[in-house]
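Single-structure report; data block below.
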Amino acid sequence: MQNDIPNFNLLAVFAAVIEQGSLSKAAEQLNTNQSTVSTAMARLSKQLGQELYLRKGRGIEPTSYAKNLYKQVQEPISQLNQVFQSLGSFDPATAKRQFVITAPEHLQWVLMNRFAKTTPADITLEVFDQPSDESKMYDDLMSQKVDLLIDILPPKQASIRSTKLLENSFVVVCSQDHPRIQGTLTAELFMQEKHALLERKRNSLYSLTHYTSIDLSKRNVAYHGRTLFSNLMLCSQTDCLSVVPLSLALQFKDRLQLQVFTPPFEHTAMSTYLIWPKRLDNDPAHIWLRDTIFSISKKIQVYLDRYNLEHD
1 MQNDIPNFNL LAVFAAVIEQ GSLSKAAEQL NTNQSTVSTA MARLSKQLGQ ELYLRKGRGI
61 EPTSYAKNLY KQVQEPISQL NQVFQSLGSF DPATAKRQFV ITAPEHLQWV LMNRFAKTTP
121 ADITLEVFDQ PSDESKMYDD LMSQKVDLLI DILPPKQASI RSTKLLENSF VVVCSQDHPR
181 IQGTLTAELF MQEKHALLER KRNSLYSLTH YTSIDLSKRN VAYHGRTLFS NLMLCSQTDC
241 LSVVPLSLAL QFKDRLQLQV FTPPFEHTAM STYLIWPKRL DNDPAHIWLR DTIFSISKKI
301 QVYLDRYNLE HD
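Residue 205 in the numbering used here is what sits at position 205 of the sequence shown, and the numbering runs on without skipping anything.
Following this line, the structure appears as structure tokens:
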């Protein structure tokens with residue numbers, strides 16, 4: 001190894017490549033092209049006199065030397081990035097900016113509505129539904145295709161931060177004209193009636209399975225929907241039941257003429273997390289976005305808590 005210390009830019013590119021596991025994804029994160037990233041890695045490898053990675057399929061496999069180097073430089077690089085970010089500024093009163101997030105379906109409408117009502121007109125929010133592939137969701141976050149994630153599961157990566165936004169209880173919905181359910185819902189009726197099931201899984205489990213110990217496989221499933229809203233629509237037009245987050249049920253119960261019941265079984269509340277790359281901790285615009293969404297979420301939580309108290 002030569003005596004010259006590699007410059008910050010080369011080490012920043014190196015850290016991005018290790019974090020992304022791909023030259024192309026690192027290029028996206030750094031807002032440059034793959035050729036530039038490849039050249040930077042070659043320069044760093046030459047300066048250090050060490051191979052830094054091997055090709056592995058469509059990605060790369062860091063060498064032992066590279067893994068050890070990353071452990072040493074990751075924190076200083078992150079701290080320097082945060083210093084540079086904090087020197088910037090963001091004034092929401094004069095800024096023109098579109099923020100991009102992904103959020104679970106049960107929060108999309110209420111977040112969009114409240115964001116539009118509480119922020120300047122030139123600051124907008126673009127919301128994407130969550131991809132079914134969790135790895136893609138985090139790839140999009142780390143490559144800054146999205147500014148942040150809202151998700152029901154916290155991240156495990158050390159380079160990603162999260163904080164709890166709110167807790168959502170589950171409710172059972174059915175049509176106001178349901179022939180057998182009016183005003184009360186028993187456990188027996190719940191198991192006997194036909195159900196609309198959300199056909200999406202996380203960690204190989206259907207969403208509701210994460211939050212209750214009862215055997216949901218015994219339900220009489222009549223409809224497998226890809227979205228919670230399609231299940232709400234079906235329940236409004238048929239005799240089916242569906243279990244959905246309270247926030248979604250309250251948004252549409254009047255418009256769709258739905259009854260809303262506390263589930264006749266034990267379950268835990270569903271936590272929701274705000275998730276962002278650690279390197280954006282001190283970015284002024286990102287701080288404003290996080291604070292704004294956190295403020296909106298606190299108001300949603302008050303609304304949900306009030307409903308739960310009134311219907312205990």
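Think of the CB as a built atom: it goes at the ideal place given N, C-alpha and C, for glycine as much as any other residue. Keep in mind that this is a model prediction, so the values were computed, not measured.
As assigned by DSSP and simplified to three states, the class of residue i
{"i": "R97", "result": "strand"}
{"i": "L52", "result": "coil"}
{"i": "E126", "result": "strand"}
{"i": "D151", "result": "strand"}
{"i": "A16", "result": "helix"}
{"i": "P284", "result": "helix"}
{"i": "K71", "result": "helix"}
{"i": "K164", "result": "strand"}
{"i": "T39", "result": "helix"}
{"i": "P76", "result": "helix"}
{"i": "T119", "result": "coil"}
{"i": "A103", "result": "strand"}
{"i": "K298", "result": "helix"}
{"i": "N7", "result": "coil"}
{"i": "G46", "result": "The amino acid at residue 46 is misidentified as Gly; the sequence shows Lys. Helix at K46."}
{"i": "A158", "result": "coil"}
{"i": "K253", "result": "coil"}
{"i": "M1", "result": "Reliability of the predicted coordinates at M1 is poor, the pLDDT of 46 falling under 50, and the value obtained from them is presented with this limitation in mind. M1 falls in the coil class under three-state DSSP."}
{"i": "H308", "result": "As written in the sequence, residue 308 is Asn, which differs from the His given in the question. In this structure, N308 counts as helix in the three-state DSSP scheme."}
{"i": "K145", "result": "coil"}
Per DSSP, the bridge partner or partners of residue i
{"i": "F170", "result": "P245"}
{"i": "G59", "result": "K56"}
{"i": "L25", "result": "Checking the displayed sequence, the identity of residue 25 turns out to be Lys instead of Leu. K25 is not bridged to any residue."}
{"i": "Q259", "result": "C174"}
{"i": "T268", "result": "Its beta-bridge partners do not exist; DSSP assigns none."}
{"i": "L274", "result": "I150 and T163"}
Beta-carbon proximity list for residue i, same chain, < 6 angstroms, skipping 5 on both sides
{"i": "F252", "result": "L232"}
{"i": "N81", "result": "R279"}
{"i": "N321", "result": "There is no way to answer for residue 321, as the model of the chain reaches only from 1 to 312."}
{"i": "C174", "result": "I181, C235, L241 and Q259"}
{"i": "H286", "result": "L280"}
{"i": "D129", "result": "none"}
{"i": "P179", "result": "none"}
Same chain, Cβ closer than 8 angstroms to residue i, neighbours up to 5 away in sequence not counted
{"i": "L234", "result": "A196, Y223, G225, C240 and S242"}
{"i": "I60", "result": "V17, G21, S22, L23, Y53 and L54"}
{"i": "Q144", "result": "E28, Q29, N31 and P277"}
{"i": "A40", "result": "N9, L10, V13 and F14"}
{"i": "F115", "result": "L125, T292, I293 and I296"}
{"i": "M1", "result": "For M1, the predicted structure reports a pLDDT of 46, less than 50, and the residue's modelled location is therefore unreliable. A value from the coordinates is still provided. Once the five neighbours on either side are set aside, the close Cβ partners of M1 are Q47, L48, G49 and Q50."}
{"i": "E266", "result": "T212, S213 and I214"}
Close beta carbons around residue i, own chain, < 7 angstroms, minus the five adjacent residues each side
{"i": "A66", "result": "I18, L52 and Y53"}
{"i": "Q74", "result": "A15"}
{"i": "T268", "result": "Y211"}
{"i": "T262", "result": "V171 and H311"}
{"i": "A93", "result": "P120"}
{"i": "D139", "result": "K25"}
{"i": "R43", "result": "L10"}
{"i": "M112", "result": "L125 and V127"}
{"i": "S295", "result": "none"}
{"i": "L216", "result": "L208 and T209"}
{"i": "P264", "result": "L185, T186, A187 and F190"}
{"i": "S45", "result": "E51 and L52"}
beta-carbon residue i near the ligand HEM non-hydrogen atom, thresh 8 angstroms
{"i": "M41", "result": "With respect to the ligand HEM, the structure offers nothing, as it holds no ligand at all."}
Chain D within 9 angstroms of residue i, Cβ atoms only
{"i": "S271", "result": "Among the protein chains of the structure shown there is no chain D, as only one such chain exists."}
What are the uninterrupted segments assigned as beta strand (DSSP E) that are 3 or more residues long and contained completely in the segment 177–237, given in chain order?
-> 194–198 and 220–225
Given 8 angstroms, three or more beta-carbon pairs between the segment 184–197 and the segment 225–244 = yes
Flag this pair as touching only if the segment 253–261 and the segment 273–281 have three or more C-beta atom pairs under 8 angstroms; answer yes or no.
-> Too few Cβ pairs lie closer than 8 angstroms, so no.
For the segment 258–274 and the segment 162–179, state whether three or more C-beta atom pairs, one from each stretch, are separated by less than 8 angstroms.
-> yes
Segment contact, 8 angstroms Cβ cut-off, at least three pairs: the segment 285–303 with the segment 175–187 = no
Inspect the CB distances between the segment 99–108 and the segment 149–156 and report whether three or more fall short of 8 angstroms.
-> yes
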